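These notes concern the structure reproduced below.
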Amino acid sequence: MSKKELIVREEILGSNKKVAAEIREKLEAAGVLVVNLLSSPGSGKTTLLERIVETLHPTHPLAVIEGDIETERDADRIRRKGVPAWQITTGGACHLEAKMVGKLLPEIPAETKFLFIENVGNLVCPAGYDLGENIRCVLLSAPEGDDKPKKYPKAFASADCLIFTKSDLIPYLPFDLEKAGNEALDLNPRLRIFVTSALKGRGIAELARYFIESRVNMIQHQRHA
Ligand SMILES: Nc1nc2c(ncn2[C@@H]2O[C@H](COP(=O)(O)OP(=O)(O)OP(=O)(O)O)[C@@H](O)[C@H]2O)c(=O)[nH]1
Ligand SMILES: [Mg+2]
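Mapped onto my numbering, the consecutive letters of the sequence shown carry residue numbers 259 to 483.
Encoded structure:
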C-alpha cells in the first residue's frame, strides 16, 4: 500500500470511528444494546438470529439490521418472525460501515431494547469497522475448520464473544472444539465462548441470557458514570 493510500485508509477509519462513537452514545442513552455479528458467508448468522429472535421476541423488543452485498433475503427471514428488520445492500463492499447504520437510526422503534446487526459474510473486512456496537460476536461454524482463529486473528482479537455454530455437525467432522477455543483465547483472553446449534437449539438460551445481562450491565454502568 502506498503512503497516499495509507493516509486515505486512516482517514476513512477515523471518520468511521467517530460516527460509531456517536451511534453508541445515542443508543446507550436510549437503553438499546447493540450487537454486531461477524463471520464467514454461510456460517449461520441469520439462522442463529432467527433462534435468538424466537427467544427474545416479544418480551424483549428487538430490531435487526442485515448486511449483504445483494438481496433482501436475510431481512425477509427476520421480518417473517414479526420483528422490524432493515436490509443494507452494499453492492459489492465486503463490510458495513457506521454511517450506513447511522442512517437507519430514525427508523428504529422507540421501545427497542436490542439492535442486532448481521455484518456482510466475511471474516476479514468487517473486523476493522466499529458500527457503534456494545458487543461484537464472531461466529465460527464447525465445517469451516478449527484452524481459523489464528488465520483470521483480527476478527477474533477484536470480538467480545465467540459463538461456535453448527455444533450438531461436530461428530461428523475433524473439528477440535477445544483447540479452536484455546487458539481464540490465546489471541483474546477476555472472549466469552458459546457453543451453539441453531438446528438443535443448543446454547441459544445461554446466549440470549448473555445479551440480556449485558444490557443490564450497560444500563447500570451508565447510572454510575
Ligand atoms: N447443521 C446445521 N446447519 C446450520 C445451522 N445453522 C445454520 N445452518 C445452515 O447453514 C446454512 C447457512 O446459514 P445462514 O444462517 O444463512 O448463514 P449466514 O451466516 O447468515 O450466511 P450469509 O448471510 O450468506 O453470510 C443454511 O443452509 C442453514 O440451514 C446449524 O446449527 N446446524
Ligand atoms: Mg445471513
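Don't be surprised by glycine CBs; every beta carbon is placed ideally from N, CA and C. Since the model is a prediction, treat every value here as computed from it, not as a measurement.
Do residue j and residue i have their beta-carbon atoms positioned less than 8 Å apart in this structure?
{"i": "residue 417", "j": "residue 449", "result": "yes"}
{"i": "residue 302", "j": "residue 423", "result": "yes"}
{"i": "residue 421", "j": "residue 439", "result": "no"}
{"i": "residue 385", "j": "residue 413", "result": "yes"}
{"i": "residue 332", "j": "residue 305", "result": "no"}
{"i": "residue 359", "j": "residue 469", "result": "no"}
{"i": "residue 402", "j": "residue 298", "result": "yes"}
{"i": "residue 365", "j": "residue 408", "result": "no"}
{"i": "residue 355", "j": "residue 345", "result": "no"}
{"i": "residue 443", "j": "residue 295", "result": "no"}
{"i": "residue 462", "j": "residue 317", "result": "no"}
In angstroms, rounded to a whole number, what distance separates the CA positions of residue i and residue j?
{"i": "residue 391", "j": "residue 471", "result": "15 Å"}
{"i": "residue 315", "j": "residue 336", "result": "11 Å"}
{"i": "residue 361", "j": "residue 279", "result": "14 Å"}
{"i": "residue 387", "j": "residue 436", "result": "29 Å"}
{"i": "residue 460", "j": "residue 265", "result": "45 Å"}
{"i": "residue 378", "j": "residue 334", "result": "16 Å"}
{"i": "residue 367", "j": "residue 445", "result": "37 Å"}
{"i": "residue 307", "j": "residue 447", "result": "25 Å"}
{"i": "residue 464", "j": "residue 263", "result": "44 Å"}
{"i": "residue 348", "j": "residue 383", "result": "13 Å"}
{"i": "residue 283", "j": "residue 277", "result": "10 Å"}
{"i": "residue 259", "j": "residue 269", "result": "15 Å"}
{"i": "residue 454", "j": "residue 466", "result": "11 Å"}
{"i": "residue 310", "j": "residue 261", "result": "44 Å"}
{"i": "residue 328", "j": "residue 380", "result": "14 Å"}
{"i": "residue 285", "j": "residue 363", "result": "9 Å"}
{"i": "residue 425", "j": "residue 406", "result": "16 Å"}
{"i": "residue 473", "j": "residue 415", "result": "22 Å"}
{"i": "residue 483", "j": "residue 419", "result": "24 Å"}
{"i": "residue 281", "j": "residue 481", "result": "19 Å"}
{"i": "residue 319", "j": "residue 399", "result": "28 Å"}
Since residue i sits in a beta bridge, which residues does DSSP pair it with?
{"i": "residue 469", "result": "Its beta-bridge partners do not exist; DSSP assigns none."}
{"i": "residue 451", "result": "420"}
{"i": "residue 293", "result": "374, 393"}
{"i": "residue 460", "result": "455"}
Taking three-plus beta-carbon pairs below 8 Å as touching, is the segment 469-480 in contact with the segment 286-299?
yes
Any chance you could list the beta strand (DSSP E) runs of at least 3 consecutive residues sitting entirely within the segment 312-369, in chain order?
320-326, 343-347
What ranges does the beta strand (DSSP E) occupy inside the segment 374-439, keeping only unbroken runs of at least 3 residues that lie completely in it?
393-399, 419-423
Tell me whether the segment 311-325 and the segment 373-381 touch, counting them as touching only if at least three CB pairs, one residue from each stretch, are closer than 8 Å.
yes
Please confirm if the segment 392-402 is in contact with the segment 332-350, defined as three or more CB-CB distances below 8 Å between the two stretches.
no
So, does the segment 425-442 touch the segment 262-280, judging by three or more C-beta pairs under 8 Å?
no
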